[in-house]
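Numbering (the working numbering), first residue to last: 92 to 272.
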């Protein structure tokens, strides 16, 4: 019996067709490590665990990568408030996340890279610089970088968002920084 999944892009239930025979690569977003994860956060990781275990039980070889976001506004603010270096501040929450996941018997991903790992930072900077130089992103006064979403013809396709109908929301107005709309 074939495995079938809902494809968000096509909005159809489709048969799973691995690129390589019996091998599945899964990339998932892990926690932003500025506080302890709560049961609502773990719901996603429990699903990922169940999906991996089910695929493996069906004979697939699964390689799962889960990123850890250890640098963003919340982690920087938390480290500053705690008067700790960013790495020390986030490490305690990385450790707590894995301890809690182990208690819940959630299978660990094969690789859990952190955003600040040097093997990725240089590539991220180069990609951001390329987006800015092509006019596809801009830097705000506070040095944050944002996409110029109107420059991406396919922006919103996955979520079925029509840019012509997109309006600013309360969240945009309440952000801590100015953005182009």
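Just so it is clear, CB atoms sit at the ideal spot from N, CA and C, and this is done for glycine as well.
Note that the structure is predicted; figures quoted are calculated from it, not measured.
Going by DSSP, residue 108 is part of no beta strand (DSSP E) at all; its letter is neither H nor E. The DSSP-derived three-state label of residue 202 is strand. When secondary structure is reduced to three states using DSSP, residue 159 falls in the strand class.
Residue 119 sits in a strand when the DSSP states are folded into three classes. Residue 175 carries a coil assignment under DSSP once its states are collapsed to helix, strand and coil. A distance of 7 Å or more separates the beta carbons of residue 143 and residue 134. As computed with DSSP, residue 104 is found in a beta bridge with 97. Its chain contains 161, 162, 166, 167, 170 and 207 as the residues whose beta carbon lies nearer than 8 Å to that of residue 177, once the 5 sequence neighbours on both sides are disregarded; these appear in chain order. Taking each of 120, 109 and 125 in turn and checking the Cα distance to residue 199, the smallest one comes out for 120. The C-beta of residue 122 has 16 or more other C-beta atoms within 10 Å across all chains shown, which makes the residue buried. Setting aside the 5 residues that flank it on each side, residue 139 is surrounded in the same chain by 119, each with a C-beta closer than 6 Å to its C-beta; the list follows chain order.
By the Cβ-count criterion, residue 180 is buried, with 16 or more other Cβ atoms from all chains shown falling within 10 Å of its own Cβ. Under the DSSP assignment, residue 212 falls in the alpha helix (DSSP H) whose first and last residues are 209–224.
Look at residue 170 here: in three-state DSSP terms it is helix. Around the beta-carbon of residue 215, fewer than 16 other beta-carbon atoms lie within 10 Å, marking it exposed.
Counting only the Cα atoms, residue 98 lies some 20 Å from residue 244. Residue 113 is a Cβ neighbour of residue 152, given a cutoff of 7 Å.
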